[in-house]
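Written out below as structure tokens is the structure these notes cover.
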Amino acid sequence: MDLFSIKNNRLIRMAAISGLFYALVLILGRQIYLYNGFERAFSTPSATIVTILLIILIATVTTAALYFFFKWFLIITSEDADFQKKVITGTIKGSHIKAWAITWLVLFVCWLPCYLAYYPGVLSYDMPEQVNIIAGIFPATTHQPPIHTMLFSWCMSLGKLTGIEPIVIYTVPQIIIVAAVFAYMIQFIVKHLLRKKWEVILLYLFFTINPVMPMMAMEPTKDVYFTCFFIGMTIFIYKLVIDSTKLKLYEYVVFSINLLFAMLFRNNTLYVMVLVVFIIIILAKISKKIKLYLTVSTLIALIVFKFITGPIYEKYDIKVLDDKVEMSAVPVQQLALVILEDGQNFTAEDWIGITEFIYDVPLLKEQYNPRLYDPAKDALYKTNLQENYGKFLKLWAKYLKKYPEKYVRAFLNLNIPFWYPLASTVDSFSDRFYIETDIGLCAYQFERDSKIPFLMDFYEKIGDFSALDKPIIRVLFGINTPIWVMLIGILLLLVKKDYKKIIVFMPALLLWATYLLGPVSYFRYVYPNFVLYALFIAIVLHKDVEENGDI
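Count along the sequence shown from 1, add 91, and you get the number used in my numbering.
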């Protein structure tokens, strides 16, 4: 295929649809991001004309660029290049275990200086709350995953016995485990997807010199272990859709274990993976036997999960929260925007219904933040919302009919950093660090004793994003980049009609979608997607490579 050969109508249609979609996201997203609405774009006839012309211009340019990009992509991915032996697996003949072990060691050594810079560790994100649960200051609930709280409880107990700081006991093994899992993924990509040595070098550089990798590997947050299990599930799904006949029985067992622990660390995994398994069973061209194995392994994980979160939690006095307050970020933000912008037109009857759930309207008006749920949550009558959720939803539906445009704006604005391409990664409204590295106040305290102070200064600039907030670099590390990597990847698979591989993107895509319903945009939420860049890009760019041996 020549880049400037006769037109391809299918590619033109795909480029045009994608170009229009991107133009709408860029123009309308900017209006929401900067002005919290679309009014300025359509305030006058001239403003409307300018907006439409901008959409047409961006859509046209993007369509043309995408069309030639699609043709170029088909050219480079259709080349019948010979498979070249890899840097690691080629030099260590046939020994995948040895190659994995060396990769594991390389990652650990490359990440160790970051940990030494923050020695003995960090106590950020939700860990202070979990420490207070361990100390008995807070009650044990499922607001934080009990398995993660229990893990740190063991570290604190072991610390008392050995005299070693509990945070050291927690952090060092976590770094080792994360390095082991990432080494497995690297070797899987090298063995099954890469063909050229320079690609392998880039893959290793992404995991070794990328400052985000060591920083997140030492973070005491549930998202780190969750990412490890999520990687395992994603690789299993890749194997399943590529050639399910090669899967061995133990791999279904491992998938079931990964699914169970992923759900225990993040319960939104349950909805994501049940939907993914359903999609695979309906759409994937696999045998009934494979579908049965997949269904059984999924059901076993779900049954064990329900047993743990039921009788086991009850035995250890862990209160299972049906936390409707936490899951109501979007509807509460939508009602809050309606109150702020049109509350002056409410009747007495309207206010009676509203104040049944939002009791402190003055506080709401004072604190409202379009990209952070906590201020609006402070104004809620939480007990009433929890006990009368059906009535709350009826109230929400009532104003949905009256103010659909405000509801759309509130929804899009709450987590706009996750999808708007030009959004700042460290959002001025939500005011959250890119990666937190503090020692939070709680029942357990320790003093930082940095072994490499100058390196800590460098990583602090990574944590607040100042060192990464540079042209091009900010795009590579942005929290909105994951969705665009996934969408572009899926689009390119559609271009080359490699439809079955799209299913591999589904877990990460659906996981991302659940965060649009969340209270704030955090990098750690999309950390699994960030780590999976390497696998997704390799899947899109290359055909499957056949080679003997397991990895």
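In this text, a Cβ means the ideal position worked out from N, Cα and C, and glycines have one as well.
Computed from a predicted structure; not experimentally measured.
Since I believe residue j is in contact with residue i (beta carbons under 8 Å), could you give me their beta-carbon distance rounded to a whole number of angstroms?
{"i": "Leu198", "j": "Ala274", "result": "6 Å"}
{"i": "Phe317", "j": "Pro619", "result": "7 Å"}
{"i": "Tyr535", "j": "Met241", "result": "The Cβ separation is near 15 Å, so there is no contact."}
{"i": "Leu584", "j": "Val631", "result": "6 Å"}
{"i": "Leu145", "j": "Ile543", "result": "In fact, because the Cβ distance is near 49 Å, the residues do not count as touching under 8 Å."}
{"i": "Ala375", "j": "Lys591", "result": "7 Å"}
{"i": "Val586", "j": "Phe164", "result": "6 Å"}
{"i": "Ile238", "j": "Phe129", "result": "Their Cβ separation, rounded to whole angstroms, is 44 Å, which puts Ile238 and Phe129 out of contact at 8 Å."}
{"i": "Tyr209", "j": "Ser541", "result": "7 Å"}
What separation, rounded to the nearest whole angstrom, lies between the Cα atoms of residue i and residue j?
{"i": "Phe524", "j": "Tyr616", "result": "13 Å"}
{"i": "Gln644", "j": "Val499", "result": "For residue 644 there is no data in the structure shown, the boundaries of the chain being 92 and 642."}
{"i": "Pro264", "j": "Asp217", "result": "19 Å"}
{"i": "Lys380", "j": "Phe159", "result": "43 Å"}
{"i": "Gly254", "j": "Ala271", "result": "27 Å"}
{"i": "Ala107", "j": "Phe161", "result": "12 Å"}
{"i": "Tyr613", "j": "Thr154", "result": "32 Å"}
{"i": "Trp487", "j": "Ala501", "result": "13 Å"}
{"i": "Glu496", "j": "Gly434", "result": "15 Å"}
{"i": "Glu538", "j": "Pro257", "result": "12 Å"}
{"i": "Ala650", "j": "Ser109", "result": "Shown here, the chain extends from 92 to 642; a query on residue 650 therefore has no answer."}
{"i": "Val416", "j": "Val259", "result": "35 Å"}
{"i": "Phe51", "j": "Gly609", "result": "For residue 51 there is no data in the structure shown, the boundaries of the chain being 92 and 642."}
{"i": "Pro219", "j": "Ala629", "result": "38 Å"}
{"i": "Leu331", "j": "Thr528", "result": "38 Å"}
{"i": "Leu383", "j": "Tyr341", "result": "15 Å"}
{"i": "Gly444", "j": "Arg101", "result": "53 Å"}
{"i": "Leu476", "j": "Gln122", "result": "32 Å"}
{"i": "Asp518", "j": "Leu294", "result": "30 Å"}
{"i": "Met105", "j": "Trp510", "result": "21 Å"}
{"i": "Leu623", "j": "Met276", "result": "9 Å"}
{"i": "Ile188", "j": "Tyr126", "result": "55 Å"}
{"i": "Val411", "j": "Thr400", "result": "7 Å"}
{"i": "Thr262", "j": "Trp245", "result": "13 Å"}
{"i": "Ser378", "j": "Lys588", "result": "22 Å"}
{"i": "Tyr404", "j": "Ala138", "result": "58 Å"}
{"i": "Asp469", "j": "Gln235", "result": "19 Å"}
{"i": "Gly250", "j": "Leu454", "result": "44 Å"}
{"i": "Trp289", "j": "Val611", "result": "38 Å"}
{"i": "Ser215", "j": "Leu252", "result": "24 Å"}
{"i": "Leu296", "j": "Lys493", "result": "53 Å"}
Thinking C-alpha only, which one of the options is nearest residue i?
{"i": "Phe298", "options": "Ile630, Ala625 and Leu632", "result": "Ala625"}
{"i": "Phe396", "options": "Phe437, Val429 and Asn349", "result": "Asn349"}
{"i": "Leu284", "options": "Tyr329, Glu256 and Pro302", "result": "Tyr329"}
{"i": "Ile140", "options": "Ile118, Phe161 and Lys489", "result": "Ile118"}
{"i": "Ile430", "options": "Asn479, Ala467 and Ile570", "result": "Ala467"}
{"i": "Lys313", "options": "Thr336, Tyr341 and Met354", "result": "Met354"}
{"i": "Thr194", "options": "Trp245, Ile292 and Asn475", "result": "Ile292"}
{"i": "His633", "options": "Asn460, Val367, Gly212 and Lys287", "result": "Lys287"}
{"i": "Val152", "options": "Ala190, Ile449, Asn506 and Tyr113", "result": "Tyr113"}
{"i": "Thr605", "options": "Asn506, Gly531, Ile553 and Asp518", "result": "Asn506"}
{"i": "Leu115", "options": "Ile371, Ile143, Pro508 and Ala470", "result": "Ile143"}
{"i": "Ile563", "options": "Leu513, Lys406 and Thr474", "result": "Leu513"}
{"i": "Pro422", "options": "Leu454, Leu491 and Val367", "result": "Leu491"}
{"i": "Lys485", "options": "Asp441, Leu249 and Thr336", "result": "Asp441"}
{"i": "Gly227", "options": "Ile526, Asp408, Ser169 and Ser137", "result": "Asp408"}
{"i": "Val281", "options": "Ser215, Trp191 and Ser137", "result": "Trp191"}
{"i": "Leu147", "options": "Val315, Val269 and Leu111", "result": "In the sequence as presented, Leu is not what sits at residue 147; that position holds Ile. Considering only alpha carbons, the answer is Leu111."}
{"i": "Lys482", "options": "Tyr459, Thr446 and Asp555", "result": "Thr446"}
{"i": "Ser347", "options": "Lys251, Pro136, Thr389 and Glu478", "result": "Thr389"}
Quick check: residue i and residue j, are their CB atoms within less than 8 Å of each other?
{"i": "Asp627", "j": "Met577", "result": "What sits at residue 627 in the sequence shown is Phe, not Asp. In contact: Phe627 and Met577 (Cβ atoms closer than 8 Å)."}
{"i": "Arg462", "j": "Asn504", "result": "yes"}
{"i": "Ser516", "j": "Ile579", "result": "Residue identity check: residue 516 is Thr in the sequence provided, not Ser. It is not a contact, given that the beta carbons lie outside the stated cut-off."}
{"i": "Cys653", "j": "Val222", "result": "Past the boundaries of the shown model lies residue 653; the chain is included only from 92 to 642, so the question cannot be answered."}
{"i": "Tyr464", "j": "Phe448", "result": "no"}
{"i": "Leu267", "j": "Phe243", "result": "Note that residue 267 is Ile in the sequence shown here, rather than Leu. Contact flag unset, no."}
{"i": "Leu385", "j": "Val365", "result": "no"}
{"i": "Val315", "j": "Val269", "result": "yes"}
{"i": "Pro311", "j": "Ile553", "result": "no"}
{"i": "Asn459", "j": "Ala427", "result": "According to the sequence shown, residue 459 is Tyr rather than Asn. Yes, the pair counts as a contact, with Cβ atoms nearer than the cut-off."}
Establish whether the CB of residue i and some CB of chain D are separated by less than 8 Å.
{"i": "Lys339", "result": "This model lacks chain D altogether; it includes just one protein chain."}
At a cut-off of 7 Å, would you count residue i as near the ligand ZN, judging by its Cβ distance to the nearest heavy atom?
{"i": "Leu454", "result": "In the structure on display, the ligand ZN does not appear, and there are no ligands present to speak of."}
Problem set entry | contact_flag[the segment 534-554, the segment 589-607] where n(CB pairs < 8 Å) is 3 or more | no
For this session: Decide yes or no for the touch test of the segment 595-614 against the segment 323-334: beta carbon pairs closer than 8 Å, at least 3 of them.
Result: yes
Problem set entry | At least three beta-carbon pairs within less than 8 Å, the segment 201-218 to the segment 297-315 | Yes, the segment 201-218 touches the segment 297-315.
Exercise. If you pair each beta-carbon of the segment 230-245 with each one of the segment 549-563, do three or more pairs fall below 8 Å?
Worked result: no
For this session: Pair every Cβ in the segment 385-404 with every Cβ in the segment 355-369, then say whether three or more of these pairs are closer than 8 Å.
Result: The answer is yes - the segment 355-369 touches the segment 385-404, with three or more Cβ pairs under 8 Å.
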